[in-house]
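Quick note, the sequence shown lines up with residues 100 to 337 if you use the numbering used here. Okay, structure first, notes after.
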Amino acid sequence: MIFTDSGIVLFRQDFREADRIIALYTLEHGRIHLRLPGVNHAKGKLKAFSEPFTCADYRIYTRRAHVLGTITGGKINRVFPAIRSDLKRQTLALHFCELMMRLTPLHQPSQEKYQLLLQALTELETYGANTSFSAAFTLRLMAAAGFGLDHPVLQITPEFWEKMHYAPFSDLSFQDPQDLLSLSKCNEVCRRFLNQYLTYPLQTLKSFALPAEQLAYYTRNTFAPIATQEEPVPAEAL
């Protein structure tokens with residue numbers, strides 16, 4: 100059977116002498132694993148289709164009783180050059196892809212998950228990373244995967260909780276101490292979830308939350324008496 104589907108590359112691995120295997124999250128077929136034969140040869144023509152977070156329309160050939168399908172061609176839609184040229188953006192994008200890889204079942208399509216990943220990569224490409232990006236993506240993927248929380252926890256306000264779930268990622272840049280404290284609590288919710296549901300740690304796990312010293316300052320001064328508010332801000336908080 101031959102079909103075409105839009106997909107985003109989550110993971111790639113060399114296979115045998117010149118082939119590659121990729122994990123692809125597709126719009127109509129969910130997460131699937133595919134082989135690209137011969138792409139590691141010098142004249143391999145489909146190598147760009149196997150690069151992480153490449154978004155393309157893939158032409159796929161499958162045979163009955165075979166685990167892996169084969170990519171025979173396609174059309175690249177986006178490669179996100181700004182992400183690839185910036186280490187922080189690239190690390191965050193790879194983190195999103197690994198979350199999709201680990202928290203989505205095979206062959207179960209979800210347009211909501213596909214659009215979530217595409218939106219995150221598009222905004223990361225256009226606006227860059229912020230400290231809220233990782234927690235917001237994780238919370239939204241939790242909800243799409245059926246693990247979301249109906250109500251905020253850890254005394255996070257409903258307004259902040261809703262913003263983390265529905266506002267554009269590029270708008271999630273906070274300066275208010277109370278918002279920064281709520282963001283840290285959202286990161287804690289994500290950490291507890293990942294520790295509970297993943298059997299082994301994420302390879303790309305990296306905290307984009309506040310440094311501990313900066314968070315301690317905001318925690319003390321958010322709830323401290325007014326007389327103590329003149330404590331100097333540590334250099335890391337500036």
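Where a beta carbon is used, it is the ideal one built from N, C-alpha and C, also for glycine. This structure is a prediction, so every number in the text was calculated from the model and none was measured.
Review point. Roughly how many whole angstroms lie between the Cα atoms of Ala308 and Lys187?
Key: Confidence in Ala308 is poor, its pLDDT being 44 and thus under 50, which makes the residue's placement unreliable; the coordinate value appears in the next sentence. Between Ala308 and Lys187, the C-alpha separation is close to 13 angstroms.
Review point. Is the beta carbon of Asp118 less than 9 angstroms from the beta carbon of Pro136?
Key: Yes, Cβ-Cβ distance for Asp118 and Pro136 is below 9 angstroms.
Practice item. Please report the residue range of the alpha helix (DSSP H) in which Arg158 lies. Key: First-last for Arg158: Cys154 to Tyr160, but that is the beta strand (DSSP E), not the alpha helix (DSSP H).
Exercise for review: Sort out for me which residues DSSP pairs Leu198 with in a bridge.
Suggested key: For Leu198, DSSP assigns no beta-bridge partner whatsoever.
Point to revise | Residues near Asp156 by beta carbon distance below 7 angstroms, same chain, minus five either side | key: Correct list, in chain order: Thr103, Ser105, Gly173, Lys174 and Asn176.
Practice item. Report the option in Tyr265, Phe259, Arg291 and Val288 whose CA atom is closest to the CA atom of Pro276. Key: For the residues Tyr265, Phe259, Arg291 and Val288, the minimum Cα distance to Pro276 belongs to Phe259.
Review point. How is Ala101 classed by DSSP in three states: helix, strand or coil?
Key: The question names Ala, yet the displayed sequence has Ile at residue 101. Reduced to three states, the DSSP call for Ile101 is strand.
Review point. Three or more beta-carbon pairs under 8 angstroms between the segment 224-244 and the segment 143-163, yes or no?
Key: Here the segment 224-244 makes no contact with the segment 143-163; the two share fewer than three CB pairs at distances below 8 angstroms.
Review point. Taking DSSP as the reference, what is the three-state secondary structure of Ala122?
Key: If DSSP states are grouped into helix, strand and coil, Ala122 belongs with the strands.
Practice item. Could you tell me whether the segment 115-135 touches the segment 198-215, where touching means 3 or more Cβ pairs closer than 8 angstroms? Key: Using a Cβ-Cβ distance cut-off of 8 angstroms, the segment 115-135 and the segment 198-215 are in contact, since at least three pairs of beta carbons, one from each stretch, lie closer than that value.
Review point. Considering only residues of the same chain and omitting the five flanking positions on each side of Leu293, which have a CB-CB separation below 6 angstroms?
Key: Within the same chain, no Cβ atom closer than 6 angstroms to the Cβ of Leu293 is found once the five residues on either side in sequence are excluded.
Check your understanding: Is the beta carbon of Leu271 sitting closer than 9 angstroms to the one on Phe232?
Key -> Cβ atoms of Leu271 and Phe232: closer than 9 angstroms.
Point to revise | Per DSSP, cross-strand counterpart(s) of Lys174 | key: Partner(s): Asp156.
Point to revise | Contacts around Thr256, its chain only, beta-carbon distance under 7 angstroms, and the 5 residues preceding and following it disregarded | key: A distance below 7 angstroms between beta-carbons, with the five flanking residues on each side excluded, links Thr256 to the following residues of its chain, in chain order: Ser281.
Practice item. Report, in whole angstroms, the separation of the C-beta atoms of Phe268 and Leu220, which I expect to be a contact under 8 angstroms. Key: About 10 angstroms separates the two Cβ atoms, so there is no contact after all.
Check your understanding: What residues in its chain sit with their C-beta under 7 angstroms from that of Lys144, if we drop five residues either side in the sequence?
Key -> Excluding positions up to five away in sequence, the list is empty.
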